[in-house]
Amino acid sequence: MFQITANTEVAAITLNLVPDRPGIGAQVFGSLWTRGINVFLVSSTPLAGGKANITLSVNKKDLQPAIVTLKKVQHDLGADSLSTDFDVALICLESPNLATTPGVGKKLFEVFSTNKINVHAVSSSGTSLTCMIIGKDAPRAVQLLNKEFEIGKKEK
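For what it's worth, our numbering labels the leading residue of the sequence shown as 888, then goes sequentially.
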């Protein structure tokens, strides 16, 4: 049994060209925690030269305080830049058996690919697969995934 949810009340923040070393995550999350800012998704992309990009999503109402907080972190870490995207959504596919059900990710990404829905970041656990996409694509993504995973279909 699968469940699909969309969260369109989020914004994305990316710290670009952050040093890729232990302790960076603690500094980023610690700075946001002290301001009471919750992070819904985080994705780190290792790059050449010992650098990484860290993308995270926060509630839209927390975007400005998060930017102020992370600008200081950017400076302290020597990160190259900070970028934001206000038009994103998190699409979450959940199932208690996700980790033991082969092919779920394949189906999700095929649906997105076929329908030209670009995934900007991905996070997963044993029970959920969350994708950050362009906000305007969220209703269509939910509809397509509900159809693909036969959510709401009555058994005969």
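Even for Gly, the Cβ is constructed at its ideal location relative to N, Cα and C.
If you reduce the DSSP assignment to three classes, tell me which class N894 lands in. strand
Where does the unbroken beta strand (DSSP E) through P1045 begin, and where does it stop? One cannot answer for residue 1045 here, as it falls past the ends of the chain, which runs 888 to 1043.
Can you list, in chain order, the residues of its chain with a C-beta nearer than 6 angstroms to that of I1004? Leave out the 5 residues immediately preceding and following it. I1020, D1024 and A1028
Kindly give me the distance between the Cβ atoms of L1016 and L977, rounded to whole angstroms, as I take these residues to be in contact under 8 angstroms. So it is not a contact: roughly 11 angstroms between Cβ atoms.
Taking F973 as the reference, which of M888, A893 and V897 has the closest Cα? V897
Excluding the 5 residues flanking P983 on each side, which residues of the same chain have their C-beta closer than 7 angstroms to its C-beta? T1014
Under the rule that 16 or more other beta-carbon atoms within 10 Å means buried, what is L934, buried or exposed? exposed
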